[in-house]
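Heads up, the thing below is written out as structure tokens.
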Amino acid sequence: MNPLLRRRLPIIIVLVIVLVGLGLIFLGHWRRGSVVIGVAALVGSGLRVGIAERDVGVLAVRSKQFDIGFLVTIAAVFIGLAVFAN
1424 MNPLLRRRLP IIIVLVIVLV GLGLIFLGHW RRGSVVIGVA ALVGSGLRVG IAERDVGVLA
1484 VRSKQFDIGF LVTIAAVFIG LAVFAN
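Mapping of the sequence shown onto the numbering used here: position 41 corresponds to residue 1464, and the numbering continues sequentially without gaps.
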């Protein structure tokens, strides 16, 4: 696989999932869209855990522990809002 594509693939995967979630929100399905965006954050955290530091590309912002904790927190917020908001 092309090294440049290998470095960009994680963020492309996450962004595609986020775009699907935003599409659902714009279609009026805000709960489903919020869950999908939360899932995108969980996928991002999973990719951050499983991919070598040299291949993670722009998905790495801070330390690995910070990135994982932040993404899991964001996922919990989005999914929690979708489940518990009136």
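Even for Gly, the Cβ is constructed at its ideal location relative to N, Cα and C.
Check	Outcome
For the alpha helix (DSSP H) that Leu1494 lies in, which residues bound it at each end?	1487-1507
Find the nearest neighbour of Phe1507 within the set Arg1454, Val1495, Gly1461, judged by alpha-carbon distance.	Arg1454
Starting from Leu1428, trace the alpha helix (DSSP H) both ways and give me its first and last residue.	1426-1449
The alpha helix (DSSP H) with Val1466 in it runs from where to where?	1453-1473
Can you check whether the CB of Val1441 is closer than 7 Å to the CB of Ala1463?	yes
I'd like to know if the stretch 1488-1506 and the stretch 1457-1473 are in contact, where contact means that at least 3 CB-CB pairs between them fall below 8 Å.	yes
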